[in-house]
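The structure under discussion appears below in the form of structure tokens.
2 protein chains.
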Amino acid sequence: MSGNSRLCVAVHVLTWMALDQRDPAAVATSQRLAVSVNTNPVVIRRCLGQLREAGLVQSRRGAGAGWNLTRAPEQITLLDVHLAVGDDEQLFALHHSPPSGSCPIGFGIQPALRPVFGRLDEAVRRELATTTIADMLRDVLAQQPATA
Amino acid sequence: MSGNSRLCVAVHVLTWMALDQRDPAAVATSQRLAVSVNTNPVVIRRCLGQLREAGLVQSRRGAGAGWNLTRAPEQITLLDVHLAVGDDEQLFALHHSPPSGSCPIGFGIQPALRPVFGRLDEAVRRELATTTIADMLRDVLAQQPATA
DNA sequence: CTGGATGTAACAATAATTGCTACATCTAGC
DNA sequence: GCTAGATGTAGCAATTATTGTTACATCCAG
């Protein structure tokens, strides 16, 4: 394992829902999503819970319930997803235990590094904002093998 | 703990060495560096070992030994450091277990996601390349309290 | 030859992520 | 109302990465 796969799973789920909702009779459940993602339904519900808190999806409870996108796929960027799944911690961590304040470098390194790391985070956010779930759905469908 | 702090520690160490080597008589040892970073000398040696493999520093063994930069601080970018410390794995991970190949989304999501994640990595690398150890040293020294 | 440094293996502690079970809760439809 | 079927969520185990630490082999200036 290396980093986390929350963004990957969330994008998978949203793209799946974007395709699924083209059929008005279709119902997106955590069970069906779990089969596509190849994981446990609870993992999907955890993920969808975060997306719901961010306002990207809605859930209905009770029998025959399921999930819906609250916006058009064109209006959901990967930055929205990224922020929703709480990957918003800094990309690179500072020191675990604070460096020596009595050394010039130890004293100034964190304040000097912070804006650099901030620019890195911003670069990632800028890039994430350029892709939407609609883009993802188009690219995913373009991967399909010829049905001949 | 969240991500790793290897880049932070490596930049700290290199910036320290850049300042230290202004005094020709100074010797950079893992012990002295560990005090500034506030960690164990072995952690520093591990870090310096990666920087040496990347050709950024040299080590001398034996008594009175220590470490040297192999280039001017102006010629070491944070991208060099990033690559040296092996943080080069993808920023965001793909699925742990491969998604369902019999679902259109499961089939195409990884190929569609890969170039997106590649662009993210590239955005980070581009940003990292804009800062050098010399920049860091200047900014660190600018943080010092007035010596009045 | 010896002191002092690097080089490195091995291990413990901590934390994050993921997958899983179990169960409470809700509601459409009978 | 009841019930089937779904969400909501607590809690735990397994895996992994990171960091810190001890211990010891190795090297070399003096």
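These protein sequence lines are chains A and B, in that order. FYI, in the working numbering the residues of the first sequence are 14 to 161. FYI, in the working numbering the residues of the second sequence are 14 to 161. In this text, a Cβ means the ideal position worked out from N, Cα and C, and glycines have one as well.
For a contact meaning CB atoms closer than 7 Å, what does residue 156 (chain B) contact in chain A? In chain order: 120, 121, 124 and 125.
Given a threshold of 16 other Cβ atoms within 10 Å of its Cβ, counted over all protein chains shown, does residue 112 (chain B) qualify as buried or as exposed? Buried, since its Cβ has 16 or more Cβ neighbours within 10 Å.
Residue 51 (chain B) CB to nearest chain A CB: under 7 Å? At a cut-off of 7 Å between C-beta atoms, residue 51 (chain B) counts as an interface residue with respect to chain A.
Start-to-end residues for the alpha helix (DSSP H) that takes in residue 49 (chain B): In the DSSP annotation of this structure, the continuous segment of the alpha helix (DSSP H) that includes residue 49 (chain B) starts and ends at 43-50.
Closest by CA to residue 119 (chain B), which one among A:19, A:20 and A:26? When A:19, A:20 and A:26 are compared, the shortest CA-CA separation from residue 119 (chain B) is found for A:26.
Does the stretch 139-150 of chain A touch the stretch 55-65 of chain B, meaning 3 or more C-beta pairs lie closer than 8 Å? No: the two stretches stay apart, fewer than three of their Cβ pairs being nearer than 8 Å.
Considering only their Cβ atoms, is the gap separating residue 32 (chain A) from residue 150 (chain A) smaller than 7 Å? Closer than 7 Å, so yes.
Nearest chain A C-beta to residue 149 (chain B) closer than 7 Å, yes or no? For residue 149 (chain B), the closest Cβ of chain A is nearer than 7 Å.
List the endpoints of the continuous beta strand (DSSP E) containing residue 22 (chain B). Segment 19-33 is the alpha helix (DSSP H) holding residue 22 (chain B); no beta strand (DSSP E) there.
Please list, in chain order, the residues of the stretch 19-49 of chain A that have any C-beta partner in chain B closer than 8 Å. Within the stretch 19-49 of chain A, the residues whose Cβ lies closer than 8 Å to some Cβ of chain B are 20, 21, 22, 24, 25, 28, 29, 32, 48 and 49, listed in chain order.
With a cut-off of 8 Å on the beta carbons, I'd call residue 93 (chain A) and residue 69 (chain A) a contact; round off their distance for me. Sure, about 6 Å apart at Cβ, within 8 Å.
Roughly how far, in whole angstroms, is the beta-carbon of residue 107 (chain A) from the beta-carbon of residue 126 (chain A), given that I think they are within contact range, below 8 Å? Rounded, the Cβ-Cβ distance is 7 Å, consistent with contact.
Is there at least one Cβ from chain A nearer than 7 Å to residue 66 (chain B)'s Cβ? No - not a single Cβ of chain A is within 7 Å of the one on residue 66 (chain B).
Runs of 4 residues minimum, wholly inside the stretch 52-124 of chain A: which ones carry the alpha helix (DSSP H) assignment? Taking 4 residues as the minimum length, the alpha helix (DSSP H) runs contained wholly in the stretch 52-124 of chain A are 54-66 and 91-97, in order along the chain.
Within 7 Å, strictly: CB atoms of residue 87 (chain B) and residue 145 (chain B): In this structure, residue 87 (chain B) places its C-beta atom within 7 Å of the C-beta atom of residue 145 (chain B).
On the criterion of 16 or more Cβ atoms from any shown chain inside 10 Å, does residue 212 (chain B) qualify as buried, or is it exposed? Outside the modelled stretch of chain B, which goes from 14 to 161, sits residue 212 (chain B), for which no answer is possible.
What whole-angstrom Cβ distance do residue 79 (chain B) and residue 40 (chain B) have, given they're in contact under 8 Å? With a Cβ gap of about 4 Å, residue 79 (chain B) and residue 40 (chain B) count as contacting.
Closest Cα partner of residue 114 (chain B) within the set A:65, A:51 and A:102: Nearest C-alpha to residue 114 (chain B): A:51.
Does any residue of chain A bring its CB to less than 7 Å from the CB of residue 144 (chain B)? Yes, residue 144 (chain B) counts as interfacial toward chain A.
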